[in-house]
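Down below is the structure, laid out as structure tokens.
Residue numbers (this note's numbering): 1 to 228.
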């Protein structure tokens, strides 16, 4: 009986992995109709409305925006394979030294989390997120990962994707974002339910200044030139 149960569990795991890979491959070419985080917000708010999410291709997003999120969230995005082992090692060492455990998540991991998973910092979720990120990096080009990320990232309560955030906070489409506006949007990503790009706190303003310096040090929009 135990052997039969284990066999079925093994088959279910294989089936789940196969379906996940199929969906990942599909989303390389087809835009996701929704995300786990959007569905979660709708359940929490008790309404299917109230979500703003206007999908736009990367060609219709200012090149300052991918540069800003790379500078802010994941400066090794263009070179790692879904996980930033250096950032993970640093986070582990800091935790062992008595500091709080930080995520060290890459843009790829955040994309996987937003699409398929849930919030929180459990080891189970982080493990699944890491596996999805590696698979995503293997199946998608970096350009596609960035395009999906910028369209599903949360920029405020019920506000998903850079086009909606740009319209709400600055009254312009995403392709007209300036470097500073892009930095302000990127600055709220660590905690979009608290930070406000439209009315930034002193902390957010300091973070914007740091992001702008990093954008310059990374070489400006030349860094993301192959996306366009």
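For every residue, glycine included, the Cβ atom is placed at its ideal position computed from N, Cα and C.
Own chain partners of residue i with C-beta closer than 8 Å, once the 5 adjacent residues on each side are dropped
i: residue 32; result: 115, 148, 152
i: residue 144; result: 28
Check whether residue i and residue j have beta carbons under 8 Å apart
i: residue 108; j: residue 127; result: no
i: residue 215; j: residue 71; result: yes
i: residue 227; j: residue 57; result: no
i: residue 55; j: residue 161; result: yes
i: residue 189; j: residue 75; result: no
i: residue 135; j: residue 19; result: no
Cut-off 7 Å between Cβ atoms - residues of its own chain near residue i, not counting five sequence neighbours on either side
i: residue 37; result: 114, 154
i: residue 100; result: Confidence in residue 100 is poor, its pLDDT being 49 and thus under 50, which makes the residue's placement unreliable; the coordinate value appears in the next sentence. Correct list: empty, nothing qualifies.
i: residue 237; result: The requested residue 237 does not occur in the structure, where the chain is confined to residues 1 to 228.
i: residue 175; result: 60, 61, 62
i: residue 133; result: 82, 83, 106, 108, 109, 112
Where the alpha helix (DSSP H) containing residue i begins and where it ends
i: residue 156; result: Per DSSP, residue 156 belongs to no alpha helix (DSSP H); it is in the beta strand (DSSP E), 154 to 156.
i: residue 113; result: 107 to 116
i: residue 212; result: 202 to 217
i: residue 67; result: 64 to 73
i: residue 166; result: 162 to 170
Residue of the options minimising C-alpha distance to residue i
i: residue 212; options: 21, 167, 183; result: 183
i: residue 222; options: 21, 53, 165, 63; result: 63
i: residue 193; options: 119, 209, 34; result: 119
i: residue 140; options: 19, 17, 179, 23; result: 23
i: residue 224; options: 26, 156, 210, 142; result: 142
Same chain only: Cβ atoms within 6 Å of residue i, ignoring 5 sequence neighbours per side
i: residue 197; result: 169, 184, 185, 188
Which whole runs of the alpha helix (DSSP H) in the segment 12 to 45 are 4 residues long or more, in chain order?
36 to 45
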